[in-house]
Structure formats: C-alpha cells, structure tokens
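The structure appears below as structure tokens.
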Amino acid sequence: MVIVALETVNSHYMKEVLKQQHFIRGVVLDILGEVREIRQNKNTLDAANQDNRESVLNKFDLPLNTNEDLQNFEVFLSNNEDFTNAVIQISKLGGRDTTDFTRRSLNMLISNQLASSFSWYGRKKKNVFKDTLLAKLIIAAAEKAIKTNTNRDTEVAIQTWLRRAEERRQSQLRKENRLNG
-8 MVIVALETVN SHYMKEVLKQ QHFIRGVVLD ILGEVREIRQ NKNTLDAANQ DNRESVLNKF
52 DLPLNTNEDL QNFEVFLSNN EDFTNAVIQI SKLGGRDTTD FTRRSLNMLI SNQLASSFSW
112 YGRKKKNVFK DTLLAKLIIA AAEKAIKTNT NRDTEVAIQT WLRRAEERRQ SQLRKENRLN
172 G
C-alpha cells in the first residue's frame, strides 16, 4: 500500500514536472522568436546605417587639398550627426597603435600640401591645427579605435605627422618628377 501511494505521488509529481517543463519550453521558444526578430531588425538598421556612414566621407574629394576644401569639411563636421558618423567611419581604418592609426587617418583626410601649412599650435607662421574639427575628429576616432589610447598620444602623433608634411610633400614631388622626367 505504501508503494502504491509512493507511485501515485511520484506519478503526480512527474506530471507536474512535465507540465512545468512544457510551459518553460514554450516560454523559451517565444523568447527565441523575439531574439530572432530583434537580430533581424538590428541587421536591417546596421545595413542602413552602414550605407549612411559610407556616404559620409564620400561627399568630399579626399584627401583635402585646399583651405577651402578644409573649410567645407569643417562646416560638414559641425553637424553633430555627421561628426559622429565620420568618427565611426574613420575609427574603422584601424592601425597597430595610435601613431599608425593617426598616420593612416590623416593620409586619407588631408594632403601633404595642405598639411604643410599647419602646425599644432600655429607656430612658424602656420595655421593652428589643434582647434579644427578635423583634429577633434582624429582624436575622437583614435579614442574609439585604439582602446589604450589617450588624447595626448593622438595629439603627439598628429604633431609629428604635421611636422613631417613638408618632407613628404617634397619627396612626393621628387618622385613625380622622376616618373615624368
């Protein structure tokens, strides 16, 4: 009799466990469906945002060659959404470290000819670079791309790159003369 009572209790207990298991399975399947839907929506939004980001810098003939080009780019960057999209796009250029990232970014954005008219603080009768939105763009993108980066690291890398702009421009001219001459 005790055995029959135990079997009845076990049977009742097993039925209750199976009911709860079935309920939990249903909830998990509902959640899985919602996760799939969220992923699909996210992928759709990411694709749309990627198209938008890719077009951000395609609006300009890069690298920038003249002060007028730079002024137009600065006006573009003054819009917060455009600035943010540009930061995201530039940060994807990557690099081994802050110096490499900064070099890659600046080479893409500004010509050696235009860069040679700038210094970080505007010394030697050059234009001030540190106050430009382009400088802020590079610093923000480096911060996003290189996790161990500090603003000072990026500033030093920009200063070095600007300091060497005239040398790179002269080297580029010599190379072009050899090819044309």
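Numbering-wise, the working numbering puts 155 at position 164 of the sequence shown, and it's gapless, one number per residue. For glycine and all other residues, C-beta sits at the position ideal for the given N, C-alpha and C. Note that this is a predicted model, so its numbers are computed, not measured.
| Asked | Found |
| --- | --- |
| Below 8 Å on the Cβ atoms is my contact criterion, and I expect Ala136 with Phe92 to pass it. Report the Cβ-Cβ distance as a whole number of Å. | 6 Å |
| Between which two residues does the alpha helix (DSSP H) carrying Phe67 extend? | Asn58 to Leu68 |
| Let me know if Leu105 comes out buried or exposed under the rule of 16 or more other beta-carbons within 10 Å of its beta-carbon. | buried |
| Below 8 Å between beta carbons: does that hold for Thr128 and Ala77? | The sequence given here places Leu at residue 128; Thr does not occur at that position. Yes. Within cutoff. |
| Kindly indicate which residue of Asp144, Leu100 and Asn140 has the alpha-carbon position closest to the one of Asp60. | Leu100 |
| Would you kindly check if the distance between the Cβ of Asn103 and the Cβ of Arg160 is under 8 Å? | yes |
| Could you spell out where the alpha helix (DSSP H) holding Leu53 opens and where it closes? | From DSSP, Leu53 is part of no alpha helix (DSSP H); its letter is neither H nor E. |
| State the DSSP-derived secondary structure class of Phe74, mapped to helix, strand or coil. | helix |
| Within 10 angstroms of its Cβ, does Val47 collect 16 or more other Cβ (buried), or is it exposed? | buried |
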